[in-house]
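Read the structure below first, then the notes.
Protein chains: 2
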Amino acid sequence: MPKLRVHNFAVSLDGYAAGPGQDRDNPLGRGGLAMHEWFFSTRTFRRMHGQDGGDAGIDDDFAARCTENVGAWIIGRNMFGPVRGPWVDESWKGWWGENPPFHTAVIVLTNHARPSLPMDGGTVFHFVTEGIEAALTRAMEAADSRDVVVGGGVSTIHQYLRAHFVDQMHLAVAPILLGCGESFFNGIDLRRLGYEVTDHTSSEKVTHVVISKQSPLREQAERTAACCREHGNGI
Amino acid sequence: MPKLRVHNFAVSLDGYAAGPGQDRDNPLGRGGLAMHEWFFSTRTFRRMHGQDGGDAGIDDDFAARCTENVGAWIIGRNMFGPVRGPWVDESWKGWWGENPPFHTAVIVLTNHARPSLPMDGGTVFHFVTEGIEAALTRAMEAADSRDVVVGGGVSTIHQYLRAHFVDQMHLAVAPILLGCGESFFNGIDLRRLGYEVTDHTSSEKVTHVVISKQSPLREQAERTAACCREHGNGI
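Just so you know, the sequences run in chain order A and B. Numbering of the first sequence is given in our numbering, commencing with residue 1 and proceeding in unit increments. Numbering of the second sequence is given in our numbering, commencing with residue 1 and proceeding in unit increments.
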């Protein structure tokens with residue numbers, strides 16, 4: 001069975017996945033870029049962007065997984081760009097230039113239809129307006145038995161977690177404090193949803209954590225849900 | 001200058017310092033004990049409780065710091081015990097038996113006065129009802145030029161952080177998901193308060209993070225506060 005995976009998703013020590021003030025100059029919000037420095041220096045990141053060099057080691061081992069057996073990506077509209085509301089024109093083609101690093105179909109979750117957008121290097125952006133299940137179906141078709149990666153942001157990943165569609169999620173916890181911004185852990189009870197930490201490894205720069213869906217999901221979810229409902233602080 | 005320090009304060013990957021349902025049988029809330037397993041197996045923890053053996057290594061190095069140059073502790077009432085409201089009698093003497101592991105003065109922050117309580121091994125619980133500054137003054141007097149440790153829980157540590165009294169804080173981030181409970185990072189903007197991560201080391205069991213107050217505090221706090229206020233998600 002093809003899997004739905006999350007990779008290289010950076011959160012700060014205090015749980016933020018983006019700093020405040022996301023805009024065209026700060027796609028990760030102010031301060032947010034620092035969480036990704038471990039990734040930028042890896043061999044994998046540099047190769048994805050057509051550059052030589054970069055570091056091998058633990059960080060690169062984790063980074064590289066996002067390219068292994070992946071046939072399609074799903075991203076939220078804010079990850080595609082800073083444009084909000086209806087598309088004024090079709091000039092915005094993503095943050096990544098003419099040759100984006102995906103090289104697969106990329107399903108963009110949006111409320112506003114737009115024709116598919118083929119880019120150099122095999123990336124094709126498809127804009128899906130019928131919700132997360134339709135986007136997943138479209139991505140699985142495009143992936144042709146390979147896995148699908150959910151790229152982000154927080155809202156998109158949360159929707160797929162709540163629907164129990166995410167099989168495995170790799171978080172990179174950066175030892176920095178953002179203080180405010182978009183929280184990854186607020187508003188979602190991963191334990192109740194049946195997820196557990198299955199790997200935990202640190203490099204000098206970051207702590208890598210793998211969170212996996214447990215089976216049988218329903219039994220575990222019900223057991224923990226009862227506890228959280230009782231105390232009114234679950235979701 | 002004597003310092004105010006936090007040591008061995010465990011939080012889950014999703015940012016909870018205690019599970020839901022704290023009571024006499026579950027002083028750390030349900031599921032909360034698992035965050036402290038790294039500590040229980042250290043040589044330091046076992047020595048503090050009169051036992052031989054235990055593991056050396058990174059975890060023990062961090063654990064041991066809570067005993068170095070410490071002259072007094074401050075703890076919140078919930079860390080002292082499960083009794084709420086006025087003291088019905090004086091039978092509750094803390095979670096730790098006749099010989100608590102502090103061996104110093106321990107200032108208990110409470111709204112309900114009670115006579116000081118000397119225990120075996122040099123620990124004396126003092127109950128302070130005049131707030132965090134009075135408790136700190138009392139602790140510093142008792143510490144006699146050594147440092148003071150704030151033991152917890154979340155509310156007590158937050159009060160000392162917000163007042164900029166905490167100089168250094170060691171968190172042990174356990175690779176487990178609690179899903180709900182008492183969040184450590186919600187409701188406090190550590191960056192705005194002038195704190196930064198100054199050390200980050202992992203063992204097999206846990207990621208140790210040291211957070212330190214930066215100088216000049218005011219300048220930094222103002223710079224980051226402006227950013228968070230603007231976006232309405234600071235505290």
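Heads up, the beta-carbon is just placed ideally off N, CA and C, and yes, glycines get one too.
- For the stretch 182–201 of chain A, the set of positions with a beta-carbon nearer than 7 Å to some beta-carbon of chain B reads 185, 186, 189, 190, 191, 192, 195, 196, 197 and 200 in chain order.
- Think of a sphere of 7 Å around the beta carbon of residue 207 of chain A: the chain B residues whose beta carbon falls inside it are 202 and 207, in chain order.
- Taking C-beta separations shorter than 8 Å and ignoring five residues to either side along the sequence, the partners of residue 78 of chain B in its chain run 22, 153 and 155, following chain order.
- Looking only at B:177, B:162 and B:195, the smallest Cα-Cα distance to residue 177 of chain A is reached by B:195.
- Assignment of beta-bridge partners to residue 73 of chain B by DSSP yields B:106 and B:149.
- Per DSSP, reduced to three states, the secondary structure at residue 171 of chain A is strand.
- Annotated three-state conformation of residue 207 of chain B is strand, per DSSP.
- Between the stretch 5–15 of chain A and the stretch 182–191 of chain A, the count of Cβ pairs shorter than 8 Å is three or higher; the stretches touch.
- Cβ proximity to chain B below 9 Å picks out nothing from the stretch 57–83 of chain A.
- In the three-state reduction of the DSSP assignment, residue 155 of chain B falls in the helix class.
- Legend: CB atoms of the stretch 153–176 of chain A lying less than 7 Å from CB atoms of chain B belong to residues 175 and 176.
- Residue 115 of chain A places its beta carbon less than 9 Å from that of residue 90 of chain A.
- For the stretch 123–151 of chain B, no residue has a beta-carbon sitting nearer than 8 Å to a beta-carbon of chain A.
- When DSSP states are grouped into helix, strand and coil, residue 201 of chain B belongs to the strand group.
- Inter-segment contact for the stretch 124–131 of chain B and the stretch 92–108 of chain B is present: three or more beta-carbon pairs are separated by less than 8 Å.
- For the stretch 1–35 of chain B, the set of positions with a beta-carbon nearer than 7 Å to some beta-carbon of chain A reads 13, 14, 15, 20, 21 and 30 in chain order.
- When the Cα atoms are used, residue 92 of chain A and residue 4 of chain A turn out to be separated by approximately 27 Å.
- Residue 109 of chain A has a beta carbon lying at 9 Å or more from every beta carbon in chain B.
- In the structure shown, the three-state DSSP call for residue 164 of chain A is coil.
- The contact set of residue 178 of chain A on chain B, defined by CB atoms closer than 7 Å, consists of 191 in chain order.
- Residue 53 of chain B counts as exposed, since fewer than 16 other beta carbons sit within 10 angstroms of its beta carbon.
- Three or more Cβ pairs drawn from the stretch 135–152 of chain B and the stretch 65–73 of chain B lie within less than 8 Å of each other, which places the two stretches in contact.
- With a cut-off of 8 Å on Cβ pairs, the stretch 201–215 of chain A is in contact with the stretch 163–181 of chain A, counting three or more such pairs.
- Residue state for residue 13 of chain B is assigned as coil, using DSSP reduced to three classes.
- Between residue 142 of chain A and residue 109 of chain A the beta-carbon gap is near 14 Å, outside 8 Å, which marks them as no contact.
- For residue 35 of chain B, the number of other beta carbons within 10 angstroms of its own is at least 16, and it is reported as buried.
- In the DSSP assignment, residue 127 of chain A falls within the beta strand (DSSP E) that extends over 124–128.
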